[in-house]
Amino acid sequence: MPVLVMKFGGTSVATLDRIKRAAKRVGLEVAKGYDVIVIVSAMSGKTNELVGWVNETSPLYDAREYDAVVSSGENVTAGLMALTLQEMGVPARSWQGWQVPVKTTDAHANARIEEIPPENITAKFGEGMKVAVVAGFQGISPEGRITTLGRGGSDTTAVAFAAAFEAERCDIYTDVDGVYTTDPRISSKARKLHKISFEEMLELASLGAKVLQTRSVELAMRYKVKLRVLSSFEEPSDEAGTLVCDEEESMENRPVSGIAYSRDEAKMTLISVADRPGIAAAIFGPLSDAGVNVDMIIQNISEEGRTDMTFSCPTDQVLRAQKALNEAKANGDINFHDLVADTDVCKVSAVGIGMRSQSGVAAKMFKTLSDEGINIKVIATSEIKISVLIDRKYLELAVQSLHDAFELEKAT
263 MPVLVMKFGG TSVATLDRIK RAAKRVGLEV AKGYDVIVIV SAMSGKTNEL
313 VGWVNETSPL YDAREYDAVV SSGENVTAGL MALTLQEMGV PARSWQGWQV
363 PVKTTDAHAN ARIEEIPPEN ITAKFGEGMK VAVVAGFQGI SPEGRITTLG
413 RGGSDTTAVA FAAAFEAERC DIYTDVDGVY TTDPRISSKA RKLHKISFEE
463 MLELASLGAK VLQTRSVELA MRYKVKLRVL SSFEEPSDEA GTLVCDEEES
513 MENRPVSGIA YSRDEAKMTL ISVADRPGIA AAIFGPLSDA GVNVDMIIQN
563 ISEEGRTDMT FSCPTDQVLR AQKALNEAKA NGDINFHDLV ADTDVCKVSA
613 VGIGMRSQSG VAAKMFKTLS DEGINIKVIA TSEIKISVLI DRKYLELAVQ
663 SLHDAFELEK AT
């Protein structure tokens, strides 16, 4: 039988009624002739509650025990979903990560999937099981301990199963009905896309879009897993949601597919750095060691042996960055006059595979922002993305004006 993977997020299984609703969707796919692997998240709010209990019990917790506690939310959902399907007459059973087994690294709370042997579940399908309900977000380390994959890890679990079982498709059910040209809460003109390429989705996910976890899109692109994002609250339809697929299968004629944003950005500038070979490594090495996620980087032209270096990072990593750079200065590794942090900025990005073949996207983006009186502080580009750092107070204006300039209300 062909295999279909269906993943239900926390809001889709938040109550027993919603679990029943999700189970009915699974039953429809079984009726079409699929063997179905269902990946479930914990019921909405449950993971936060479990994390809170861990922090209250042990602020400096053992990460292995953290995983043991936090992974239990998915176990509950998997059991309830299997019971619901059984009540409907669908042969189903629940699977925890270690039973599959989902083999991961031993990086507790942020493990990566290394292998999913299909033999155990395939054997049960052969014996008449129609649905394997798998607890998402979890696996087992080489030492035999429970691991978790980090927030949003159930998306990654679903894509990994789709790759391991060569599934026909991986459906991600969530509380939104697809991928939009921008955040509908900011622009009422936002439109749902019927298709989007893996590369565009990866850029949008990494730039702030919350629809899919970045790692899940990376996996899907690597293993050519067709992803469909759709709402568990809408009536089932073959045309529902957004299909994330290869570039050849997506629309290639639009220069920009979406406008993404990240509100919590900071701009940090090292003023008057002693310029010499290896200075960039001396600056960004300590930042990397400190776990600072550096994004945009600009270096000014050197004058009299000194230069300015600007970079962006998440606002919650500013103190960590300051500590790392000041320690490097105290150790004599780098020499700079001052370190200035601006935490009142945001990042706005235009994404589209059409940029490869169509010119003028950057010019239109910069002119649109200029016409609105928005000053650009930093620019970063890739083959299919243009990102700018601007004052945070202009975020909504920038998103709306760029959405209008690229006529994304006409996107399909």
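Letter by letter, the sequence shown follows residues 263 to 674 in our numbering. Where a beta carbon is used, it is the ideal one built from N, C-alpha and C, also for glycine.
Contacts around residue i, its chain only, beta-carbon distance under 7 Å, and the 5 residues preceding and following it disregarded
| i | result |
| --- | --- |
| G440 | K454, L455, V491, L492, G503, T504 |
| R568 | S534, V535, A536, D537 |
| C575 | A528, M530, V554, N555, V556, D557, A583 |
| I646 | E461, E462, E465, V613, G614, I615, M617, R618 |
| P321 | none |
| T309 | V332, G335 |
For residue i, the first and last residue of its enclosing beta strand (DSSP E)
| i | result |
| --- | --- |
| F460 | Unbroken run through F460 is the alpha helix (DSSP H), 460 to 468; no beta strand (DSSP E). |
| S649 | 647 to 653 |
| Q620 | Q620 -> no beta strand (DSSP E), and no H or E assigned at all. |
| T443 | Looking at the DSSP string, T443 is not in any beta strand (DSSP E), and its letter there is neither H nor E. |
| V640 | 640 to 644 |
| I408 | 408 to 410 |
8 Å contact criterion, which residue i and residue j should meet: CB distance rounded
| i | j | result |
| --- | --- | --- |
| V352 | V292 | 6 Å |
| I641 | L659 | Not quite, the Cβ-Cβ distance comes to about 18 Å (not below 8 Å), so this is no contact. |
| V487 | V393 | Between V393 and V487 the Cβ distance is about 19 Å, and since that is not below 8 Å, they are no contact. |
| A675 | A583 | Residue numbering for the chain in the displayed model covers 263 to 674; residue 675 lies beyond these limits and cannot be assessed. |
| D600 | S564 | Not a contact, Cβ separation roughly 17 Å. |
| A673 | T443 | 5 Å |
| E462 | G520 | 7 Å |
| L670 | V518 | 7 Å |
| T410 | D526 | T410 to D526, Cβ: 24 Å. No contact. |
| A354 | M391 | 7 Å |
| S524 | H665 | Between H665 and S524 the Cβ distance is about 16 Å, and since that is not below 8 Å, they are no contact. |
| A344 | S333 | With 8 Å as the limit, A344 and S333 do not qualify as a contact, their Cβ atoms being about 17 Å apart. |
| S416 | G271 | 7 Å |
| E376 | T366 | 6 Å |
| L342 | I434 | So it is not a contact: roughly 20 Å between Cβ atoms. |
| F399 | S303 | 7 Å |
| L481 | T418 | 6 Å |
| Q358 | A397 | 5 Å |
Terminal residues of the alpha helix (DSSP H) in which residue i lies
| i | result |
| --- | --- |
| W360 | Unbroken run through W360: none, as it is neither H nor E. |
| R477 | 476 to 485 |
| E527 | Where E527 is concerned, there is no enclosing alpha helix (DSSP H), although the beta strand (DSSP E) it sits in stretches over 520 to 536. |
| T419 | 415 to 426 |
| I541 | 541 to 551 |
| E658 | 657 to 667 |
Cβ neighbours of residue i in the same chain (closer than 6 Å, five flanking residues each side left out)
| i | result |
| --- | --- |
| F387 | D297 |
| R261 | In the structure as shown, the chain begins at 263 and stops at 674. Residue 261 is therefore absent and cannot be evaluated. |
| D437 | T273 |
| S550 | none |
| P363 | I402 |
| A420 | V267, K269, I301, C432 |
| R484 | none |
| N597 | A536 |
| F668 | V518 |
| T577 | D526, A528, T605 |
| A590 | P548, I596 |
Contacting residues, own chain, Cβ-Cβ under 8 Å from residue i (five flanking each side not counted)
| i | result |
| --- | --- |
| P498 | R287, L290 |
| I638 | F628, L631, V650, L651, I652 |
| V607 | E527, A528, K529, S574, K639, L651, I652, D653, R654 |
| E315 | It should be noted that the sequence gives Trp, not Glu, for residue 315. Within the same chain, W315 has close Cβ partners V331. |
| S468 | T476 |
Strand pairing of residue i, partner residues [DSSP]
| i | result |
| --- | --- |
| G295 | Partner(s): none; G295 has no beta bridge. |
| D678 | The first residue shown for the chain is 263 and the last is 674, placing residue 678 beyond what the model contains. |
| E714 | Outside the displayed range of the chain (263 to 674) lies residue 714, so it cannot be described from this structure. |
| I378 | Answer is none; I378 lacks a bridge partner. |
| A397 | V302 |
| K457 | L505 |
| T366 | I375 |
| I559 | F573 |
| I402 | K365, I408 |
| A354 | V393 |
Within-7 Å CB hit, residue i to chain C
| i | result |
| --- | --- |
| T384 | In the displayed structure, chain C is absent; only one protein chain is listed. |
Residue i Cβ short of 6 Å to the ligand FMN heavy atom set
| i | result |
| --- | --- |
| R453 | With respect to small molecules bound, the structure shown includes none, and the ligand FMN cannot be examined in it. |
*asked:* My parser needs the beta strand (DSSP E) runs of 3 or more residues fully inside the stretch 566 to 617; what are they?
replied: 568 to 576, 600 to 613
*For the stretch 320 to 346, which segments carrying the alpha helix (DSSP H) assignment without a break, of at least 4 residues, lie completely within its bounds, in sequence order?*
Uninterrupted alpha helix (DSSP H) stretches at least 4 residues long and entirely within the stretch 320 to 346 occur at 325 to 332, given in chain order.
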